Amino acid sequence: MTDLSLHAATEDRPAPDEASLRDFWQLLKPRLMSLSVFTALVGMLVAPGGVHPFIGATSILWIAVGAGASGALNMWFDADIDRVMKRTRNRPIPSGRVAPSSALALGLFLAIVSVVMLDLTANWVAAAWLAFTIFFYVVIYSMWLKRTTSWNTVIGGLAGAFPPMIGWAAVTGNTPIEAWLMVGLIFMWTPPHFWALALFVKTDYHAARIPMLTVTHGRAETRRQAWFWSLGLAVISLLASLSSIGGPMTLVVAFVLNGVFLKRAWDMRHRTDPDCEADGHAVERGLFKWSLVYLFAHFAVFVAEAALGPYGGW
Amino acid sequence: MHQDHELHTRRKGRNFGILGVLFAFVVLIFGLTVVKIQTGTYAEAFDHVVRPELVPSEASE
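Protein chains in written order, with this note's numbering: chain A, 71 to 384; chain B, -1 to 59.
And the structure:
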């Protein structure tokens, strides 16, 4: 490398200490936060009893901050991987806009603030589950599983599944079976959702040495696994629909959602790579898009059932 | 005409952002305090003196 190229590389980017507010916002993974906010809000709305709206809104805020802290800590630890992959190369740390130490400090600070404030706002049960979720996402998923096993998507998905239970716990102070069913729903939904994405998006996980299922076991096995997890998802969905957070309306919606999901997962299972190339991964894209509709609609119908009061539920 | 360097504009944006976050935090704590006091149960600790409200009433026995 010549001296000239060194200058060119450094002058384009601001010094790490001069990051803008937008860079720090990106560190918090806003899209991950929005999913946490939505599912935690549903958990809070369907939980029996209720809280003062201000307490509820503030609790959701701390759950979002906790999710943001996880995102910042994840980006801090994964900076070496992000630097290699094209999709993540422009993130605040690998692009040099934010210093790794700043991301670490922000992540730790927000993690502590979110847990302490959720304890003060709601209760210690919700705060403890939030702390565990952050720990699980950062240590168990990011630091350990992501780089060592193809189960990373499956077990890592558990971290993203906890928010509805935290929302529930913020209201009631406990975590009964209904809260766990909502966790189970997101947990079972995560693998087919991400594997459908992995099958049609050209990523360079191989270059980053991340043992994604498509890399370690091949695309055919990924399709097969996605089908089995979709079956498990339908079972959990049925159980949730028959529980106290469900009702006739939820059951009908769940039948439609799972019917389409299973059909698309089944179609995806029986495809080959030439099929995918021929139609531009239409089926894989279809399953991925439906998975987004699925999660939103399923959680929305829980809320609708609860909103119907005596006319809803079993 | 004076024009701020891009670096200073970015710094200014960041400083105002932090100011906004801190202000929001203060408002939040104030709001929480008000709501907690309004909705909280009667907060009275045991101070080694038996008060009438700490003694179970005859009706409840």
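Glycine included, every Cβ here is placed at the ideal spot set by N, Cα and C.
Since the model is a prediction, treat every value here as computed from it, not as a measurement.
Item: Per DSSP, what kind of secondary structure is VAL47(B) in: helix, strand or coil?; Value: coil
Item: If we cut at 9 Å on Cβ distances, does LEU20(B) have a partner in chain A?; Value: no
Item: Please confirm whether ASN128(A) and LEU30(B) have their CB atoms less than 9 Å apart.; Value: The residue asked about is misnamed: residue 128(A) is Thr in this sequence, not Asn. Yes, they are a contact pair.
Item: With a cut-off of 8 Å, do at least 3 Cβ pairs link the segment 138 to 151 of chain A to the segment 288 to 303 of chain A?; Value: no
Item: Quick one: Cα of THR342(A) to Cα of VAL305(A), how far?; Value: 27 Å
Item: Indicate whether SER313(A) and GLU248(A) have their beta-carbon atoms separated by less than 9 Å.; Value: yes
Item: Quick check on SER55(B): does DSSP put it in helix, strand or coil?; Value: coil
Item: If contact is defined by three or more beta carbon pairs under 8 Å, each pair taking one atom from either stretch, is the segment 225 to 242 of chain A in contact with the segment 161 to 176 of chain A?; Value: no
Item: If we ignore side chains and look at the alpha-carbon of each, how far apart do THR203(A) and PHE298(A) end up?; Value: 26 Å
Item: ARG49(B) CB to nearest chain A CB: under 9 Å?; Value: no
Item: State the Cα-Cα distance for the pair VAL154(A) and LYS272(A), rounded to the nearest angstrom.; Value: 14 Å
Item: Is there a Cβ from chain B that is less than 9 Å from the Cβ of SER311(A)?; Value: no
Item: Short of 7 Å in beta carbon distance, which residues of its chain neighbour MET71(A), apart from the five on each side in sequence? Order them along the chain.; Value: Only weak support exists for where MET71(A) lies, its pLDDT of 40 falling under 50; the value from the coordinates is given anyway. Answer for MET71(A): no residue qualifies.
Item: Quick one: what's got a C-beta closer than 7 Å to VAL371(A)'s C-beta in the same chain, skipping five residues either side?; Value: MET319, THR320, VAL323
Item: Leaving out five residues before and five after GLY38(B) in sequence, what residues of the same chain have Cβ atoms less than 7 Å from its Cβ?; Value: none
Item: So, at 7 Å on beta carbons, what are the nonlocal neighbours of SER75(A) in its own chain, with the 5 sequence-adjacent residues on each side left out?; Value: Residue placement at SER75(A) is flagged as unreliable, the pLDDT there being 40, under the threshold of 50; the coordinate-derived value follows with that caveat. There are no such residues.
Item: How about GLU248(A): is its C-beta nearer than 9 Å to some C-beta of chain B?; Value: no
Item: Which two residues bound the contiguous alpha helix (DSSP H) that contains VAL353(A)?; Value: 352 to 377
Item: Helix, strand or coil for LYS99(A) per DSSP?; Value: coil
Item: So GLU347(A) is in the alpha helix (DSSP H); what residue range does that whole segment cover?; Value: 343 to 349
Item: Have a look at VAL373(A) and THR218(A) and give me their C-alpha separation to the nearest angstrom.; Value: 38 Å
Item: Say whether chain B places a C-beta atom closer than 9 Å to the C-beta of ALA89(A).; Value: yes
Item: Determine the extent of the alpha helix (DSSP H) in which TRP250(A) is found, giving its start and end residues.; Value: 247 to 270
Item: Please tell me whether ILE182(A) has its Cβ less than 9 Å away from any Cβ of chain B.; Value: no
Item: Please report the distance separating the alpha-carbon of LEU251(A) from that of THR245(A).; Value: 10 Å
Item: Assuming contact is defined by CB atoms lying nearer than 9 Å, are ILE315(A) and GLY383(A) in contact in what I supplied?; Value: yes
Item: Is VAL24(B) close to chain A, meaning its C-beta is less than 9 Å from at least one C-beta of that chain?; Value: no
Item: Determine the direct distance from the alpha carbon of VAL330(A) to that of SER104(A), and round the result to whole angstroms.; Value: 25 Å
Item: Examine chain B for any beta-carbon lying closer than 9 Å to the beta-carbon of PHE124(A), and answer yes or no.; Value: yes
Item: Hey, how far is the Cα of GLY254(A) from the Cα of PRO54(B)?; Value: 44 Å
Item: Residues of chain A with CB closer than 8 Å to the CB of THR31(B), please, in chain order.; Value: Under the 8 Å cutoff, chain A gives no residues; its nearest Cβ is about 10 Å from THR31(B).
Item: Answer yes or no: do ALA403(A) and ILE130(A) have a C-beta to C-beta separation smaller than 9 Å?; Value: One cannot answer for residue 403(A) here, as it falls past the ends of chain A, which runs 71 to 384.
Item: Enumerate in chain order the residues of its own chain whose CB-to-CB distance from THR284(A) is below 7 Å, with the five nearest sequence positions on each side excluded.; Value: ALA268, LEU269, THR292
Item: Count the other C-beta atoms from every protein chain shown that fall within 10 angstroms of the C-beta of ALA278(A), then say buried if there are 16 or more, exposed otherwise.; Value: buried
Item: Check whether the Cβ of LEU52(B) lies closer than 9 Å to any Cβ atom in chain A.; Value: no
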